[in-house]
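Okay, structure first, notes after.
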Amino acid sequence: MSIHSDHSNHRSRVLPRSRLGCKTCKIRRVKCGEEKPSCVRCTSTGRKCDFEVRPSSTISVIANPLSLSPNTNTVWRERRAFAYYFECAASSIGGGLDIDFWRTVVPQVCRYEPAVWDAIITISALFECPQQSPVPVLQRRDNIISLTKNRQDALRWYSRSVSAVRQRIEQGSVDVFVGLISCVLFICIEAIEGNADGAMQLYYQGVQLINALRLQIASGAASKASLLEDTIIPIFIRLGTFALASGGAPVTALLRASEHALTEQFDSLKSAREAIVLLSIEIPLFERSCSKHLLQAQAPHLPEELNTELFTLVTRLRNWRTAFDKLMTVLRARHLLSLQGIGTSALLLSYHEMLHVMLGTCTSLSLMQFDAYLPNFQNIVEQSAIAPKASVRSDGTQPPFTFDVNIGLPLWFTSLRCREPRTRRAALALLRQAPFVQGFYQCSIWATVGQTIMDLEESYAMAMNAAHNGPDCGLLESINKPIPSSELAASSYSAHADMGPRIPTAPFIPEEVRIGPISAFRPMDGLPPGTTEADIAKWNRGPDQFFLRISRKQHCLTGNACPMVYECVPLDFDQIHPGGY
1 MSIHSDHSNH RSRVLPRSRL GCKTCKIRRV KCGEEKPSCV RCTSTGRKCD FEVRPSSTIS
61 VIANPLSLSP NTNTVWRERR AFAYYFECAA SSIGGGLDID FWRTVVPQVC RYEPAVWDAI
121 ITISALFECP QQSPVPVLQR RDNIISLTKN RQDALRWYSR SVSAVRQRIE QGSVDVFVGL
181 ISCVLFICIE AIEGNADGAM QLYYQGVQLI NALRLQIASG AASKASLLED TIIPIFIRLG
241 TFALASGGAP VTALLRASEH ALTEQFDSLK SAREAIVLLS IEIPLFERSC SKHLLQAQAP
301 HLPEELNTEL FTLVTRLRNW RTAFDKLMTV LRARHLLSLQ GIGTSALLLS YHEMLHVMLG
361 TCTSLSLMQF DAYLPNFQNI VEQSAIAPKA SVRSDGTQPP FTFDVNIGLP LWFTSLRCRE
421 PRTRRAALAL LRQAPFVQGF YQCSIWATVG QTIMDLEESY AMAMNAAHNG PDCGLLESIN
481 KPIPSSELAA SSYSAHADMG PRIPTAPFIP EEVRIGPISA FRPMDGLPPG TTEADIAKWN
541 RGPDQFFLRI SRKQHCLTGN ACPMVYECVP LDFDQIHPGG Y
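When we follow full-length UniProt numbering, the leftmost residue of the sequence shown carries the number 1, and every step to the right adds one.
Next comes the structure, spelled out in structure tokens:
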């Protein structure tokens with residue numbers, strides 16, 4: 001089936017003809033959603049919305065939906081959900097750089113694919129009325145999420161969409177391209193619902209579909225090949241950064257077209273984003289390889305092949321920054337830098353700073369080396385305070401969900417690697433203000449992990465300080481002093497990240513109490529090596545409780561080398577920080 005094929009029996013579901021639209025939409029010759037007293041299309045663009053006064057005997061589907069027959073009311077709810085998706089949700093889900101896919105390609109496909117239509121209106125319903133629970137879906141109790149009418153609609157539409165796709169697969173009549181778009185939409189739905197595991201499974205299934213589709217269209221239509229390589233595959237590559245952050249590995253086969261990472265000139269912020277995203281996968285993978293070698297070989301230095309790869313990545317990241325600065329100079333000179341562009345630019349700079357720190361610290365396992373990169377961590381915080389301008393909605397709020405790269409990863413990286421308490425707190429504060437769900441994961445989970453590690457290290461530091469010198473109220477005060485909101489929001493934009501610190505600093509967390517690599521697990525899924533039932537039993541938690549396994553040096557008063565100790569601590573997602581969601 002071609003993506004441009006059409007079936008008239010489905011078209012009436014999406015864009016039925018009506019003469020009940022508002023005067024403004026009629027004058028503009030655009031489709032009106034017919035919501036009263038003001039339609040979504042007019043209100044979303046700030047236009048005045050006027051409807052013609054009709055005789056009282058005429059019943060409006062929009063004005064009196066509950067007075068209609070069940071079938072008519074159902075059609076109205078679907079049409080309204082589609083209107084909300086098109087006018088409000090689409091631009092937030094993909095970000096401003098991918099608006100064509102979400103507002104053009106996907107709606108076109110839904111004209112002849114009922115499964116895609118149902119997936120779109122499901123996303124719309126969940127996006128408009130999100131029920132944001134900080135508890136992961138696998139740990140939720142039945143009464144956490146209430147079944148509102150909106151949510152009932154969403155679950156019914158999603159079930160219908162999945163059933164339709166399965167039926168087409170069983171019949172052998174599913175178009176691979178449509179299946180891939182459906183997969184992208186299903187990932188959205190599972191992510192919004194907080195089911196990261198389900199979203200990840202769909203992600204890997206989508207990668208398999210991409211490989212199949214690449215073979216299928218190798219000698220086919222150029223339009224399909226362009227949409228696949230230029231739009232859909234970059235979406236999966238960006239999702240790969242989230243998969244990598246959680247310990248999973250993105251499918252490197254998708255990175256075969258990596259010429260953007262080597263370019264020394266960008267023609268748009270979109271091309272700059274695609275290049276930094278590729279590096280955001282390759283550099284963490286390289287960092288992981290370095291850590292594995294240093295741990296297994298117990299050698300203080302990297303072998304020649306890793307040093308060569310390090311030099312290559314450093315050069316590519318430096319070239320990216322040079323090309324990015326040139327692009328920003330051109331955009332500013334031509335007055336082409338919109339508010340959204342300013343936010344996107346700051347976001348890309350925060351990723352650059354994160355990757356710069358990774359490359360600068362991957363040759364050693366020492367946790368102390370991160371202290372030298374405090375200016376970079378502070379730049380991440382500063383740029384992350386500007387970046388939300390790219391995703392802010394008309395009412396000043398952030399969307400509940402985004403598929404695009406966002407500030408979550410750089411801020412989470414800062415909360416774990418930076419040991420300057422006030423910068424760390426600033427990162428966590430901004431993380432809690434970001435879109436609730438980014439990619440596969442909820443930012444509240446990242447914030448909980450970062451907060452837990454920070455609290456543990458600071459409590460260990462206080463205990464160690466008390467054992468040596470007695471209570472140090474000055475240290476405690478410098479750490480816990482509130483951070484003014486003015487210090488979290490930069491007053492002006494700068495394309496350069498090499499500016500001085502803005503947030504007053506506090507003493508660094510001592511080396512002896514710094515927590516090393518961490519991993520998350522649930523007892524019901526099995527215990528990590530070295531963890532015993534007694535380690536878990538002392539917390540008196542259920543088998544579905546999430547735990548962190550942490551490593552740190554045991555404090556020694558003798559001055560001798562301190563041994564490494566391993567501990568397990570529960571993650572309490574339902575205990576939200578006062579500044580959180």
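We put the beta carbon where it would ideally sit given N, CA and C, even for glycine. Nothing here was measured: the structure is a model prediction, and the numbers come from that model.
Exercise for the section: Return the CA-CA distance between Pro284 and Cys290, expressed in angstroms with no decimal places. Expected result: Position 284 of the sequence shown, counted from the first residue, corresponds to residue 284. Position 290 of the sequence shown, counted from the first residue, corresponds to residue 290. One C-alpha to the other measures close to 10 Å.
Exercise for the section: Please report the Cβ distance between Arg273 and Val405, rounded to the nearest whole angstrom; I am assuming they are in contact, meaning their Cβ atoms lie under 8 Å. Expected result: Within the sequence shown, residue 273 is the residue found at index 273, counting from 1. Within the sequence shown, residue 405 is the residue found at index 405, counting from 1. About 7 Å; that satisfies the 8 Å criterion.
Handout entry: Cα-Cα separation, Phe377 to Lys553
Key = Translated into positions along the sequence shown, residue 377 becomes position 377. Translated into positions along the sequence shown, residue 553 becomes position 553. C-alpha separation (whole angstroms): 24 Å.
Practice task
Can you say whether residue 587 is buried or exposed, counting buried as having 16 or more other CB atoms within 10 angstroms of its CB?
Solution key: The structure shown does not extend to residue 587, since the chain is modelled only from 1 to 581, so the question has no answer here.
Exercise for the section: Determine, using beta-carbon pairs with one atom in the segment 83 to 94 and one in the segment 386 to 400, whether at least three such pairs fall under 8 Å. Expected result: Yes, they touch.
Practice task
Please report how far the alpha carbon of Ala467 lies from the alpha carbon of Leu527, in whole angstroms.
Solution key: As a first step, residue 467 is located in the sequence shown; it is residue number 467 there, counting from the start. As a first step, residue 527 is located in the sequence shown; it is residue number 527 there, counting from the start. About 33 Å.
Handout entry: Cβ contact check for the segment 356 to 374 and the segment 99 to 116: 3 or more pairs under 8 Å
Key = In short, these stretches do not touch, since the Cβ pair count stays below three.
Problem - Paired residues, beta bridge with Val569 - DSSP - result: One-based indexing of the sequence shown puts residue 569 at position 569. According to DSSP, Val569 bridges with Leu548.
Practice task
In angstroms with no decimal places, state the Cα-to-Cα distance between Gln131 and Ile515.
Solution key: Along the sequence shown, one-based indexing puts residue 131 at 131. Along the sequence shown, one-based indexing puts residue 515 at 515. A direct Cα-Cα distance of roughly 34 Å separates Gln131 from Ile515.
Exercise for the section: State the DSSP-derived secondary structure class of Ser519, mapped to helix, strand or coil. Expected result: Within the sequence shown, residue 519 is the residue found at index 519, counting from 1. In this structure, Ser519 counts as strand in the three-state DSSP scheme.
Exercise for the section: State the DSSP-derived secondary structure class of Tyr158, mapped to helix, strand or coil. Expected result: Position 158 of the sequence shown holds residue 158. Residue state, collapsed to three classes: helix.
Exercise for the section: Pull up the distance between the alpha-carbon of Phe521 and that of Thr241, whole angstroms please. Expected result: Here residue 521 is taken as the residue at index 521 of the sequence shown, counted from 1. Here residue 241 is taken as the residue at index 241 of the sequence shown, counted from 1. Each residue's alpha carbon lies about 21 Å from the other.
Handout entry: Proximity winner among Asp100, Leu97, Glu193 and Val75, relative to Phe127 (alpha-carbon distances)
Key = For the purposes of this step, residue 127 is taken as residue 127 along the sequence shown, with counting starting at 1. Ranked by Cα distance from Phe127, the options Asp100, Leu97, Glu193 and Val75 are led by Glu193.
Handout entry: C-alpha gap between Glu309 and Glu282, whole angstroms
Key = By one-based count along the sequence shown, residue 309 stands at place 309. By one-based count along the sequence shown, residue 282 stands at place 282. Cα to Cα, the separation comes out at about 10 Å.
Problem - Residue range of the unbroken alpha helix (DSSP H) whose run includes Ala125 - result: Stepping through the sequence shown from its first residue, residue 125 is reached at position 125. First-last of the alpha helix (DSSP H) with Ala125: Pro114 to Glu128.
Practice task
Pick helix, strand or coil for Pro482, following the three-state DSSP scheme.
Solution key: As a position in the sequence shown, residue 482 is number 482, starting the count at 1. With a pLDDT of 45 at Pro482, under the threshold of 50, the modelled position of this residue cannot be trusted; read the value that follows with caution. In the three-state reduction of the DSSP assignment, Pro482 falls in the coil class.
Handout entry: Close-in-space but distant-in-sequence residues of the same chain around Ile276 (CB under 7 Å, 5 per side omitted)
Key = For the purposes of this step, residue 276 is identified with residue 276 of the sequence shown, where counting begins at 1. Answer for Ile276: Trp320, Leu348, Tyr351 and His352, listed in chain order.
Problem - As assigned by DSSP and simplified to three states, the class of Gln438 - result: Residue mapping note: residue 438 aligns to position 438 of the sequence shown, counting from 1. For Gln438, the three-state secondary structure derived from DSSP is strand.
Handout entry: Glu512 vs Met454 beta-carbon contact at 8 Å
Key = Counting from one through the sequence shown, the residue named residue 512 turns up at place 512. Counting from one through the sequence shown, the residue named residue 454 turns up at place 454. Against a cut-off of 8 Å, the Cβ pair of Met454 and Glu512 comes out as no contact.
Practice task
Just tell me which of Cys418, Ile407, Gln545 and Val392 has its CA closest to the CA of Cys88.
Solution key: The residue labelled residue 88 in the question sits at position 88 within the sequence shown. That would be Val392, whose Cα lies nearest to the Cα of Cys88.
Problem - Local Cβ density within 10 Å of Val174, reported as buried at 16 or more and exposed below that - result: Stepping through the sequence shown from its first residue, residue 174 is reached at position 174. Around the C-beta of Val174, 16 or more other C-beta atoms lie within 10 Å, and the residue is accordingly described as buried.
Problem - Nonlocal neighbours in the same chain, by C-beta distance under 7 Å from Ser485, ignoring five residues either side - result: The residue labelled residue 485 in the question sits at position 485 within the sequence shown. Legend: pLDDT at Ser485 = 41, less than 50; position of this residue unreliable, value from coordinates given subsequently. If we look at Ser485 and ignore the five residues flanking it on each side, it has no Cβ neighbours.
Practice task
Report the option in Thr252, Leu239 and Leu244 whose CA atom is closest to the CA atom of Asn211.
Solution key: Sequence index remark: in the sequence shown, residue 211 carries index 211 (1-based). Distance check between Asn211 and each of Thr252, Leu239 and Leu244 places Thr252 closest, using alpha-carbon atoms only.
Handout entry: Bounding residues of the alpha helix (DSSP H) (the contiguous stretch that carries Thr322)
Key = As a working note, residue 322 is residue 322 in the sequence shown. Note, Thr322: alpha helix (DSSP H), Glu304 to Ala333.
Practice task
Sort Leu313, Phe324, Leu215 and Leu306 by Cα distance to Phe266 and report the nearest one.
Solution key: As a position in the sequence shown, residue 266 is number 266, starting the count at 1. Answer by Cα proximity: Phe324.
Practice task
Using only alpha-carbon positions, find the residue among Ala534, Thr322 and Phe508 that is nearest to Ala461.
Solution key: Mapped onto the sequence shown, residue 461 falls at position 461. Among Ala534, Thr322 and Phe508, the Cα nearest to that of Ala461 is on Phe508.
Practice task
On a CA-only basis, which of Gly198, Leu213 and Leu239 is nearest Glu229? Give me that one, please.
Solution key: By one-based count along the sequence shown, residue 229 stands at place 229. For the residues Gly198, Leu213 and Leu239, the minimum Cα distance to Glu229 belongs to Leu213.
Practice task
Please state if the CB of Leu180 and the CB of Gly198 are separated by a distance shorter than 8 Å.
Solution key: Start at 1 with the first residue of the sequence shown, and residue 198 comes out as number 198. Start at 1 with the first residue of the sequence shown, and residue 180 comes out as number 180. The answer is no: Cβ separation not under 8 Å.
Handout entry: Which listed residue (Gly530, Ile217, Pro517 and Trp539) has its alpha carbon closest to that of Ser551
Key = The residue you call residue 551 lines up with position 551 of the sequence shown. In terms of CA proximity to Ser551, Pro517 leads the group Gly530, Ile217, Pro517 and Trp539.
Exercise for the section: Express the C-alpha separation of Ile237 and Gln438 in angstroms, rounding to a whole number. Expected result: Within the sequence shown, residue 438 is the residue found at index 438, counting from 1. Within the sequence shown, residue 237 is the residue found at index 237, counting from 1. In a straight line, the C-alpha of Gln438 is about 14 Å away from that of Ile237.
Problem - Asp50 versus Lys23: straight-line alpha-carbon distance, rounded - result: Counting from 1 along the sequence shown, the entry for residue 50 is found at position 50. Counting from 1 along the sequence shown, the entry for residue 23 is found at position 23. Looking at the backbone, the Cα of Asp50 and that of Lys23 are separated by about 6 Å.
Exercise for the section: Just the C-alpha distance for Leu430 and Arg29, rounded to the nearest angstrom, thanks. Expected result: Taking the sequence shown and counting its residues from 1, the one referred to as residue 430 is at position 430. Taking the sequence shown and counting its residues from 1, the one referred to as residue 29 is at position 29. The alpha-carbon separation between Leu430 and Arg29 amounts to approximately 42 Å.
Handout entry: For Thr402, the three-state DSSP class (helix, strand or coil)
Key = Reading the sequence shown from its first residue, position 402 is the one you call residue 402. In the structure shown, the three-state DSSP call for Thr402 is strand.
Practice task
Closer than 8 Å by C-beta to Val176: which residues in its own chain qualify, once you throw out the five before and the five after it? Chain order, please.
Solution key: Within the sequence shown, numbered from 1, the residue matching residue 176 stands at position 176. Here the set comprises Leu209, Ala212, Leu213 and Gln216.
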